[in-house]
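Take a look at the structure set out below.
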Amino acid sequence: MFTRRFQFREFISQAWFITTVSFGPALLVSIPFCVVIIFQVNQLLIQIGAVDLAGAGAAVAVVREIGPIVSVLVVAGAGATAICADLGSRKIREEIDAMVTLGIDPIERLVVPRVIASTLVGVALNGMVTVVGLVGGYFFSVVLQGATPGLYLSDLTLLVGLPDFLASEAKAAVFGMLAGLTACYLGLNAKGGPKGVGEAVNQTVVFAFMLLFAANSVISALFLQIKLGA
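Its first residue numbered 1, the sequence shown is counted upward by one per residue in full-length UniProt numbering.
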């Protein structure tokens, strides 16, 4: 897709747009989401006298599941809906038909840059959510729940390593791609005027979330099987 015909300027524009509408919500969602999960895990560890394993528990929760899911929930809820609304508006204004008449491929010109941008932004947000989650987990575990700072940091890699992080980034990429494809498909097939665009946007959220959880189950199961078989 990165050929001389690739719409690089459109890709940069869409990547920046998705980042601007997704970064703030991702940050605001990731902090309480990660903290609540880590707090509950630590409460269990305290009951069995293993609070110093808080770092390992936080790493497993944040890297394997929370990071990819939170980042793409935000991409699907903010970025994908904006993409769908944009393409749907172009569709009902017959801009897409005009592009086809002029010999411009709307898939190449509009869809490909948006899908790639959604994919890469999902990966970047996953990294950000992971860092924020682990830092927030450190604060709650050490300051509020009595974990040892050094043990928290050293235990981060006890159960999670580079393969887990790469798998997490791969999941975020797949989720971001699915969200972008869903938004583009529904936007380009919007009908019925502005009301139809609104319905397409609502469908984008529903279908993107459904695909997200289905893909998460499949990818998590595959990764677990690969890791157990290694």
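Backbone N, C-alpha and C fix where the C-beta goes; we use that ideal spot for every residue, glycine too.
Just the Cα atoms here: how many angstroms apart are residue i and residue j?
i, j, result
"Asp155", "Cys184", "42 Å"
"Gln40", "Phe11", "40 Å"
"Val197", "Leu212", "22 Å"
"Leu162", "Val135", "18 Å"
"Ile104", "Ala98", "9 Å"
"Ala215", "Ser89", "29 Å"
"Gln145", "Ser30", "20 Å"
"Trp16", "Thr157", "33 Å"
"Ile92", "Lys191", "7 Å"
"Leu53", "Val70", "24 Å"
"Arg64", "Phe140", "20 Å"
"Pro32", "Val143", "16 Å"
"Gly57", "Pro149", "14 Å"
"Ala50", "Ala221", "28 Å"
"Thr182", "Glu108", "16 Å"
"Asn42", "Gly193", "51 Å"
Where does residue i fall in DSSP's three states?
i, result
"Lys191", "coil"
"Gln7", "coil"
"Asp97", "helix"
"Leu153", "helix"
"residue 238", "Nothing about residue 238 can be read from this structure; the chain reaches only from 1 to 230."
"Leu159", "coil"
"Thr148", "coil"
Would residue i and residue j qualify as a contact pair, given that the criterion is a beta-carbon distance under 8 Å?
i, j, result
"Gln14", "Ala117", "yes"
"Ser22", "Val121", "yes"
"Ile96", "Leu159", "no"
"Ala172", "Asn202", "no"
"Thr101", "Gly180", "no"
"Gly176", "Ile66", "no"
"Leu153", "Gly55", "yes"
"Phe207", "Ala167", "no"
"Ala200", "Cys84", "yes"
"Ala61", "Ile38", "yes"
Taking residue i as part of the alpha helix (DSSP H), name the residues at either end of that continuous run.
i, result
"Gly103", "Where Gly103 is concerned, there is no enclosing alpha helix (DSSP H), given that its DSSP letter is neither H nor E."
"Ile116", "Val112 to Tyr138"
"Arg109", "First-last for Arg109: undefined, no H or E at that position."
"Val142", "Per DSSP, Val142 belongs to no alpha helix (DSSP H) and is neither H nor E."
"residue 248", "It is not possible to answer for residue 248, since the shown part of the chain is limited to 1 through 230."
"Leu87", "Thr81 to Ile92"
Using a Cβ-Cβ distance under 8 Å, would residue i count as near chain C?
i, result
"Phe11", "In the displayed structure, chain C is absent; only one protein chain is listed."
Practice prompt. Inspect the CB distances between the region 21-37 and the region 71-81 and report whether three or more fall short of 8 Å.
Written response: yes
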